[in-house]
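FYI, the numbering for the sequence shown is 43 to 312, going by our numbering. Virtual Cβ for every residue (Gly too), placed ideally from N, Cα, C.
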Amino acid sequence: MSPRSYDTIGYEVQRHTATITLNRPEALNALSPHMITELRAAYDDAENDDSIWLLIVTATGRAFCTGADVKEIPEDGKVINERPYLSSYDQWEAPQEGTPPFRRMAKPVIVAINGICCGAGLDWVTTGDIVIASDKATFFDPHVSIGLVAGREMVRLARVLPRTVALRMAIMGKHERMDAQRAYELGLITEIVEHDRLLERAHEIADTVNRNAPLAVRGTRLAVIKGREIPMHEAEMLAEAFRERNLHTVDSLEGPKAFVEKRAPEWQCR
43 MSPRSYDTIG
53 YEVQRHTATI
63 TLNRPEALNA
73 LSPHMITELR
83 AAYDDAENDD
93 SIWLLIVTAT
103 GRAFCTGADV
113 KEIPEDGKVI
123 NERPYLSSYD
133 QWEAPQEGTP
143 PFRRMAKPVI
153 VAINGICCGA
163 GLDWVTTGDI
173 VIASDKATFF
183 DPHVSIGLVA
193 GREMVRLARV
203 LPRTVALRMA
213 IMGKHERMDA
223 QRAYELGLIT
233 EIVEHDRLLE
243 RAHEIADTVN
253 RNAPLAVRGT
263 RLAVIKGREI
273 PMHEAEMLAE
283 AFRERNLHTV
293 DSLEGPKAFV
303 EKRAPEWQCR
C-alpha cells in the first residue's frame, strides 16, 4: 500500500512491483502542476520502499501522455510544479520538473505506452529501461505546431533514434505520427503488445526481471546509464566498481550457492 493517496495518478503494489498509472484520461493525461507533484511523490515512495524492486508506468484512456497541460500553464510563468519559478535545484537542472527522474533512481522502470504519446510524454520513452507499447500507440512531438521550440524531448530522442528521424519528428510537428510498428523497427520500443494485454505483459516482464538479484539488476542498470555519459575507459572502471560493491552483498553469495545446489535463489535484496 502507498503511504499517500493521489488524485491524478494510480499507485498499486503487487509482489515486488509498483505500478504508477497516469489517470487524467479526460485531459489525455496531460501534465498539470498537481499531477507533476504527485508523480514525483510516487517515484519517491517507490524508490524508498525496500519491498519494491521495480516500477511500471502506464496510463488510462486513449493516451499515455500528451505533454504539458497548456490549459494550466500560468500566463506569467511564475509557478512550476506548484513551486515558485526557479525556486528549486531541479528547475535549474531540467527545463521541466515533470521530467521522469529515472536517471537518478536505482530501481528499473518498465514503461507501457497505451496510446498517444507526445511532447513531454516522450520523456518516459527515452528514459525508461524497458519500453513496450500497445499496437494502438502513436508517437509525435507537437511543439513547433503550437509555436514552441522542441527542446529537451528532441535532444533526448536524437540520442535514441537516428538524427534525421528525430529531426523529422521534431519539425513535422503534430502533422505526422509514428505508429508502434515503426517505433519498434527503430528501436524506440522493445515490443508491441495487443492493446488489451499491455499491462498484463508489463507485469510478466516485471516478474521475469524480479527473478534476478535486485541489487545486481540495479548495479547493472546504473553502470549502463552512467557509462553512456562518460568515456569508454571510465565507464568500464565504473562498471567494475559497481561489480565490486555488489560482491559485498548477501545476494552475491546466495546466487552461486543456489546454482550449485540446483535450486531457485532466495533473494533478500541486501
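Buried versus exposed, by CB contacts within 10 Å (16 or more), residue i
| i | result |
| --- | --- |
| S47 | exposed |
| S74 | buried |
| A109 | One detail in the question is off: residue 109 reads as Gly in this sequence, not Ala. That one is buried. |
| T206 | exposed |
| M274 | exposed |
| K113 | exposed |
| P142 | buried |
| I78 | buried |
| V153 | buried |
Closest by C-alpha distance to residue i, when choosing among the options
| i | options | result |
| --- | --- | --- |
| A88 | M147, S74, P67, E68 | M147 |
| M279 | V266, M220, H290 | V266 |
| P67 | K178, I98, N156 | N156 |
| L97 | D86, F106, M77, K178 | D86 |
| I94 | V151, D238, S187 | V151 |
| G297 | L257, R263, E271, T50 | L257 |
| D91 | K149, R145, T79, K178 | K149 |
| T100 | G170, R305, Q223 | G170 |
| I188 | K216, R201, Q223 | K216 |
| L264 | T50, R287, P307, N65 | R287 |
One or two residues paired with residue i in a DSSP bridge
| i | result |
| --- | --- |
| G109 | According to DSSP, which records beta bridges pairwise, G109 is partnered with nothing at all. |
| A60 | V55, L97 |
| L73 | A110 |
CB of residue i within 8 Å of CB of residue j, strictly
| i | j | result |
| --- | --- | --- |
| E195 | G161 | yes |
| L240 | S294 | no |
| A60 | D111 | no |
| A212 | D183 | yes |
| V173 | I231 | yes |
| T180 | M220 | yes |
Start-end ranges of the beta strand (DSSP E) lying completely within the stretch 140-207, minimum 3 residues: With a minimum length of 3 residues, the continuous beta strand (DSSP E) runs that stay inside the stretch 140-207 are 151-155, 158-160, 172-176, 180-182.
Quick check for students: name the residue ranges of the beta strand (DSSP E) that lie wholly in the stretch 217-305, counting only runs of 3 or more. Note on the stretch 217-305: whole beta strand (DSSP E) runs with a minimum of 3 residues are 233-235, in chain order.
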